[in-house]
Amino acid sequence: MTRDAVENLAYKLLVGAVPALLSIPYGLWIACLVVYRFIYHTLYQCFARFRQNSTAYETLSHLPRAKLELAQDPYEYSPLPGKRYIRILQLKNSSSVGFNDVLECDLITVSLDKPVLSFTYRAISYTWDNQKFDRYILCSGKKLAITQNCEDVLRHMLLRQRLHVWIDALCIDQSSKEEKDMQIPLMGEIYGRAHLVNVWLGLPTEATGLVFSYAWLFWCFLYFPKPAGKWLARRLHNIIEGRYIFYSISTRLTSPARGHVPYVLDIIRRNWWRRVWTIQETALAPTSRWYSLCPVLVNCGRFEMPLDTLSFALMDFSLFHDTYGGGAYPLNHSVWVYYLTSHSGKKMLISRADGVISLDRLMLGSRACHAWNPRDRVYGLYGVIEQFGIKLSEPRYSKSKDEVYWDFTREACDSTRSLSLFNLARGPESGLKEPSWVPDYSAPFRMGEAWGNTKASGDSTPHFCFSADGRIVHTRGILVDVIMTRSTGAVWKPSLDPILNQDGDFVNLEEGYEQTIATYREWHCVFKVHISCLLRRYGNISSSISAFGAVLTLGMLSASLYGTLLGWISILDEEQDRRSEILERARRDPKIRAYFSKSEARRRAMESEAWQTLCALKAEPGVATLNHWIWMHATEKSVFVTESGFVGSRNRSIMEGDAIVLLRGVDRPMVLRETSDRSLVLVGPAYVAGLMDGELWDQSRLQALSIT
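If you count the sequence shown from 1, you need to add 1130 to reach the working numbering.
Dropping the structure here:
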């Protein structure tokens, strides 16, 4: 072997061996880190139980409350020198500041063009919670009103010697609409150039430290081998739920959930997760740097944790259904996944493989959050949207809500060259005075609109333009069919608030069961009466039933659930009546017996035929899962059949005679309606079995359409 060959072989061996050798110390480091955190937090939570003065139980309820009127003159803001200037709050660090003293600070005006600005301040993300401005802070010797939440977070920052912060309530003149209009476009830079973003969840409860310890343990389990990590996570879930060795099966069935579930729910239900503005405040946070590996930190009183660690743990808890004993899930899992993922950073807002933001997904998720001003449904996401290259006009709070939504929709469609926002349109149902294709972004969140991965128009690209006044969209599409008949009922829901649209063992069995079963049967009746039309379209009874199931589940019905769907239908069908055998098993369930024997009203409900039918749907294991999915996604849903035999669903705003249209470059079929003046209005998207994957898309059949 020549010398060159030996050198080449040695080089290849070295290159191949170095990564393997480097992985060994890295693996040892990760293992040591995980073991250390596992042992530390396990011992921490164990010893905390026996120590009365443990920080795990510190409530910080002794924080000062500066409620008294101050003699100082009110603080008056000076106008900012220019559009690229912001204010930084500098807390005065004084050893004389006690628990009963008022905080003092100065507001420093700085330019965003300052090169070293990112080292100087922390950006605060918190909620106002509709609190009154009944606290005071002294700013340059003059009093400035603030909320309780604002005071709490500032005292926490002072306690940690974090003296330079940016907080919207003080760094923006809230009385000046002009200044707010000028500062909103800068949010991307304000949060992106901060040293860190500190999230303030509020003051802790007696067990907040314990919940944060659980979150660290969930994070540690990620680095264990997969089987071991899953086993440990399940054991931890059992501890949280209170399922100990001597927690008997009979006690589990007859008693409500115990353990530490309420403590975890307290963190999940903090208002910060449900505020529109906080989505962009975390998405715009700085990326990890050498001096800041955790750019977003969550604070609940003195307890602190990286946001991604806490979000992962809470999401794992939200999706672990066994935790929710006691007859009802304490939260809507699907909605909370929206909350937690949308607050987990910019990457979670991207759903497309090409790395482009899914704008309709972002705007739909924001509907589940709260905004006191409806304009903030757009302005609260302004920085995120612009970060993805979508150019918008400058915010103007003097505009009406309708004008803000109209301008945003038109500009976003033009900038992205996409009509994806049409997926959120509700047409006449929205109540907006603007064109029918403009979505109402302040409308209630509905899980029935959260479906995707469809290609109704194949691989076509959008082709559209707006009229000179911006009211009409000129595009091209294919008229597929016309709605022949539709259902009119709606399933019962406890509230329009998505977090209350829950499901569980007893939800809908105490009230609303007649309405839900009547609607289910109306859907089934529409299917049965027009089965001949469906057979002509779908070919056979099996395909027709599968199409009906796809409509009810928004395309989530797999082949393995076909038999389950037949079971669901047979329980509803009064001619087949499989209820008796299932109800007999349900009545023997100690949980149901104990719950419904507590009052006369509940006992009377059990004699209702509708109650018995719904109970049977919930008692059959496989059918119960399918029924949960249908019920959760059925808000305001109407099932329809078209003239040529397509079955589909759309919100109840549809009418007989409405047209089903495939628009070029739009991934869902759209419902259009012709008005008395022969113009077309957009009613909204529909799920139509047999159209969702571009089965009828034909470029040669395109015709011009103008939607007002």
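Positions of the beta carbon are idealized from the N, C-alpha and C atoms, including for glycine. Quick caveat: nothing in here was measured; it's all calculated off a predicted structure.
Measure the Cβ-Cβ separation of residue 1297 and residue 1283 and say whether it is below 9 Å. yes
Along the chain, which unbroken stretches of the alpha helix (DSSP H) at least 4 residues long are found entirely within the stretch 1290-1348? 1298-1301, 1307-1313 and 1317-1322
According to DSSP, which residues form a beta bridge with residue 1611? Per DSSP, 1790.
Segment contact flag, the stretch 1695-1706 with the stretch 1822-1833, C-beta cutoff 8 Å, min 3 pairs: A contact is defined here as three or more CB-CB pairs under 8 Å, and the stretch 1695-1706 fails this definition with respect to the stretch 1822-1833.
Which same chain residues, not among the five before or five after residue 1826, have their C-beta less than 8 Å away from its C-beta? Correct list, in chain order: 1608, 1610, 1792 and 1820.
Helix or strand or just coil, what does DSSP make of residue 1531? Here DSSP, grouped into helix, strand and coil, assigns residue 1531 to helix.
Residue 1569 and residue 1794 look like a contact to me (Cβ under 8 Å); what is the Cβ gap, rounded to whole Å? Not a contact, Cβ separation roughly 19 Å.
Are residue 1682 and residue 1760 closer than 9 Å when you measure CB to CB? The Cβ-Cβ distance between residue 1682 and residue 1760 falls below 9 Å.
Where does the unbroken beta strand (DSSP E) through residue 1661 begin, and where does it stop? No beta strand (DSSP E) contains residue 1661, which is instead part of the alpha helix (DSSP H) from 1661-1668.
Extract the residue ranges of the alpha helix (DSSP H) inside the stretch 1514-1596, only unbroken runs of 4 or more that lie entirely within it. 1531-1546
Rounded straight-line distance, which links the Cα of residue 1693 to that of residue 1589: 33 Å
Please name the residue in 1340, 1814 and 1417 whose C-alpha comes closest to that of residue 1433. 1340
Does DSSP classify residue 1265 as helix, strand or coil? strand
Would DSSP call residue 1424 helix, strand or coil? DSSP places residue 1424 in coil when its eight states are reduced to three.
Is the distance from the Cβ of residue 1535 to the Cβ of residue 1416 below 9 Å? no
Residue from 1326, 1504 and 1492 whose Cα sits closest to the Cα of residue 1542: 1492
Are there three or more Cβ pairs, one per stretch, closer than 8 Å when the stretch 1652-1668 is compared with the stretch 1763-1778? yes
Compute the Euclidean distance between the alpha carbons of residue 1505 and residue 1742, then round it to the nearest angstrom. 46 Å
If you run the structure through DSSP and keep just helix, strand and coil, what is residue 1739? helix
Starting from residue 1239, follow its DSSP beta bridges and name the residues at the other end. Note: residue 1239 sits in a beta bridge opposite 1217.
Option in 1498, 1648 and 1667 with minimal Cα separation from residue 1704: 1648
So is residue 1352 buried or exposed if we call it buried at 16+ other beta carbons inside 10 Å? With fewer than 16 neighbouring CB atoms inside 10 Å of its own CB, residue 1352 falls in the exposed class.
Kindly indicate the opening and closing residues of the beta strand (DSSP E) around residue 1772. 1767-1772
Can you check whether the C-beta of residue 1541 is within less than 9 Å of a C-beta belonging to chain C? Considering every chain present, this structure includes no chain C. It has just one protein chain.
Outcome for residue 1889 when other beta-carbon atoms lying within 10 angstroms are tallied against a minimum of 16: Outside the displayed span of the chain (1131 to 1838) sits residue 1889, for which this structure offers no information.
Complete alpha helix (DSSP H) runs within the stretch 1668-1699 (minimum length 4 residues, chain order): For the stretch 1668-1699, whole alpha helix (DSSP H) runs of length 4 or above, ordered along the chain, are 1671-1683.
Using 10 angstroms around the beta-carbon of residue 1278, count the other beta-carbons present and answer buried if the total reaches 16, otherwise exposed. buried
Per DSSP, residue 1605 is paired with what? 1594 and 1835
DSSP state of residue 1748 mapped onto helix, strand, coil: helix
Using 8 Å as the cut-off, can you tell me whether the stretch 1552-1563 makes contact with the stretch 1747-1762, which would need three or more C-beta pairs spanning the two stretches below that distance? no
Alpha carbon to alpha carbon, what distance is there between residue 1652 and residue 1285? 59 Å
Measure the C-alpha to C-alpha separation of residue 1836 and residue 1276 and round it to an integer number of angstroms. 50 Å
How many angstroms separate the CA atom of residue 1267 from the CA atom of residue 1299? 12 Å
Could you round the C-beta distance between residue 1525 and residue 1315 to whole angstroms and report it? I think they count as a contact, below 8 Å. Going by Cβ atoms, the distance from residue 1525 to residue 1315 rounds to 7 Å, so yes, they are a contact pair.
Assign residue 1360 to one of three DSSP states: helix, strand, or coil. helix
Of all the options 1281, 1390 and 1319, which has the alpha carbon lying nearest to the alpha carbon of residue 1412? 1319
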